[in-house]
Amino acid sequence: MTELPDQPALFEIDGTDEEGCVWICSIAGRDDWCQNLGPADEVAEKLSEWLGSIDYKKRM
44 MTELPDQPAL FEIDGTDEEG CVWICSIAGR DDWCQNLGPA DEVAEKLSEW LGSIDYKKRM
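Our numbering numbers the first residue of the sequence shown as 44 and each following residue consecutively.
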């Protein structure tokens, strides 16, 4: 089994903004890079699907 290096996430999730959107931004700050992911409900659904597809035990 391959061990993954310890590394923090390279992004932060911000939101919701005044329009109800979620943003993913660099840990170095919004001026480095930042992307609108869309409406919070849609983002939550997609992230939930993705998280459900990961087998954490195989990744550790």
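C-beta atoms are modelled at their ideal positions from N, C-alpha and C, and glycine is treated no differently.
Where DSSP assigns a beta bridge to Gln78, which residues make up the other side?
-> Residue mapping note: residue 78 aligns to position 35 of the sequence shown, counting from 1. Looking at the DSSP assignment, Gln78 forms a beta bridge with Ile67.
Straight-line CA distance for Glu62 to Pro51?
-> Numbered from 1 along the sequence shown, position 19 holds the residue referred to as residue 62. Numbered from 1 along the sequence shown, position 8 holds the residue referred to as residue 51. Roughly 29 Å between the two C-alpha positions.
Under 7 Å from any heavy atom of the ligand HEM, does the C-beta of Cys64 make it?
-> Here there are no bound small molecules, and the ligand HEM is not part of this structure.
If you pair each beta-carbon of the segment 87-98 with each one of the segment 70-78, do three or more pairs fall below 8 Å?
-> no
Delimiting residues of the alpha helix (DSSP H) encompassing Glu92 | As a working note, residue 92 is residue 49 in the sequence shown. Its alpha helix (DSSP H) spans residues Ala83 to Ser96.
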